[in-house]
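Read the sequence shown against our numbering and you will find it ends at 523, with the numbers running on by one and no gaps.
In this text, a Cβ means the ideal position worked out from N, Cα and C, and glycines have one as well.
Computed from a predicted structure; not experimentally measured.
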Amino acid sequence: MRAPFSEARIPMQKKINLVAGGVALILAAAAAGAAAAPSPPIVLKAAHLFDSVSGKLVDHGVVVVVGKKIQAVGADAKIPEGAQTIDLGDATLVPGFIDAHVHLSGVASNNWYEDWYNGIMRFPTEQALYGAHYAKETLEAGITTVRDLGSTDYIAVSMRNAINAGVIPGPRMLVSNYAVGSTGGHADQDPVPAQKIAVAGPMQGVCNGPEQCREAVRYQIKYGANVIKFMPSGGVLSLSDPVDNVQLTQEEMNAIVGEAHAWGRKVAAHCHGDRAAKMAIAAGVDSIEHGSFLQPDTLTEMKKKHVFLVPTLFAGYWTGQHLDTFPPSIAQKAKAASAAVQQMFKNAVKIGTPVAMGTDAGVEPHGLNAKEFSLMVSYGMAPEQVLMAGTANGAELLGLADQTGTLTAGKSADIVAVPGNPLTNMAATEHPVLVMKEGTLYVQPAAR
Ligand SMILES: [Zn+2]
């Protein structure tokens, strides 16, 4: 009885192989075609170049790009034959910016209630089309790499894959999928009656007890997470929790961080509250996000253990400016967090806590990311430290230091040019005149 069945399968299998072979041939032909006409090397010239290793501005900036990579850097770099030169005049070449905290799949408007309605009514595929638009806005603002810390319905991971495949323009993305946290906490859904919207579980990042929290982490990794985001403390934009309470036990935090590290994933902890941050640091977390109420002893411990602070000052600033657009319970939390974050950041700078730039874009509109740099300067950080936080430090935190974050031969050609000198005018970073990611130009000066 089994023989005819097997025989019937053989031709089918051959047919599949044939089709697959055909696809491989077409792809090979396409690759050969591309190789036959390679794009010429590009030489970028500008009055200055920011060295994010030393933190110094160098005059006569030159970067030679061949294919997707930086081939040489510096005024005495050898210029390859047939290179196309782009002279940017009085501008500064900087490494492509890295935003370590975004939510690229959505954005809040100034109408919280309408956003809530759209959040329920839009299909995930529809929302992903918005995400593609936000990714383009972000890249064109000079952000060539992002860490997407929290999204629903696998939209961010789908965007990452489409960007990597060259289907849509966008920054290099590391994604967390769903954020992990407790029932009723900042990772959970709004407290809609369970009869109307299904209760979220470990697949959606909601977990109780160490075993379930491990399961929640494993689900995010199964579906493509590069990094794990979790919620030790309460948050601002959620309806059913205080902003700064502890929302996971030490055992749950240990389980989340331990499981993520066992799979080779770094862990970002959303913490406004100080007590929750201390517990997350004890669990071995890699970065603390927001950090609004962190005390000096916690910031000192972070320095000692080399735990990064991602202060998301722009999110605090933005929500502080739009308090009347939120429901009263959220407005109250936003007010308290944005009032505390400035002093916390000043303390972190004084103590020397490692800082990576992150905006929480999505809370505020996408593409305005570089406003974070100006806020960091106005809250007391030296401009060269600010630019390093948005380049080399970001690359280190994301585990991408061998690929990006500095203008170094052999690294990915992720390069931005900003007008004038950003160390004396940080707002210049908001208006890049050139954006290149992996050797491809997405913003360039108009041909004269
Ligand atoms: Zn966030």
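Item                                                                                                                                                                         : Value
Buried or exposed: which applies to N239, given that a residue is buried once 16 or more other Cβ atoms fall within 10 Å of its Cβ?                                          : exposed
Hey, would you say the C-beta of G225 is under 7 Å away from at least one heavy atom of ligand 1?                                                                            : yes
Within the stretch 231-300, note down every full alpha helix (DSSP H) run reaching 4 residues or more, in order along the chain.                                             : 285-297
Could you work out which residue in V321, Q396, R293, D489 is closest to I331 when comparing CA atoms only?                                                                  : R293
So what does H345 bridge to, in DSSP terms?                                                                                                                                  : E364
CB-CB under 6 Å to E327, same chain, minus the five flanking residues each way: which ones, in chain order?                                                                  : P285, C288
Mind reading off the beta-carbon distance from A158 to G433? Whole number of angstroms is fine, and I expect it under 8 Å.                                                   : Going by Cβ atoms, the distance from A158 to G433 rounds to 36 Å, so no, they are not a contact pair.
Whose C-beta lies closer than 6 Å to the C-beta of L224 among residues of the same chain, with five residues either side of it excluded?                                     : H176, S251, K304, A343
Just to check my reading of the structure: A431 and S362 have Cβ atoms closer than 8 Å, yes? What is that Cβ distance to the nearest angstrom?                               : 7 Å
Have a look at Q478, G442, A521, K408 and flag the residue whose alpha-carbon is nearest the alpha-carbon of A216.                                                           : G442
Take P113 as the anchor and find which of G142, P199, T400 has the nearest alpha-carbon.                                                                                     : G142
Buried or exposed for M511, going by 16 or more other Cβ atoms inside 10 Å?                                                                                                  : buried
Just to confirm, is the Cβ distance from L472 to F420 under 8 Å?                                                                                                             : no
Quick one: is the Cβ of H441 within less than 7 Å of any heavy atom of ligand 1?                                                                                             : no
Can you give me the Cβ contacts of G366 inside the same chain, cut-off strictly under 7 Å, excluding the 5 residues immediately before and after it?                         : C346, A352, L384, P386, M419
Leaving out five residues before and five after G164 in sequence, what residues of the same chain have Cβ atoms less than 8 Å from its Cβ?                                   : A121, A122
Which of the three DSSP states is assigned to V518 in this structure?                                                                                                        : strand
Suppose you measure from the CA of A210 to the CA of T200; what does that come to, to the nearest Å?                                                                         : 15 Å
Buried or exposed: where does G241 fall if 16 or more other Cβ atoms within 10 Å of its Cβ makes it buried?                                                                  : exposed
Distance, Cα to Cα, A104 vs I243?                                                                                                                                            : Confidence at A104 is low in this model, with a pLDDT of 40, below 50, so its placement is unreliable and no value can be given for it.
Using CA coordinates, which residue listed in C282, L179, Q322, T394 is at the minimum distance from L214?                                                                   : L179
Count the other C-beta atoms from every protein chain shown that fall within 10 angstroms of the C-beta of D162, then say buried if there are 16 or more, exposed otherwise. : exposed
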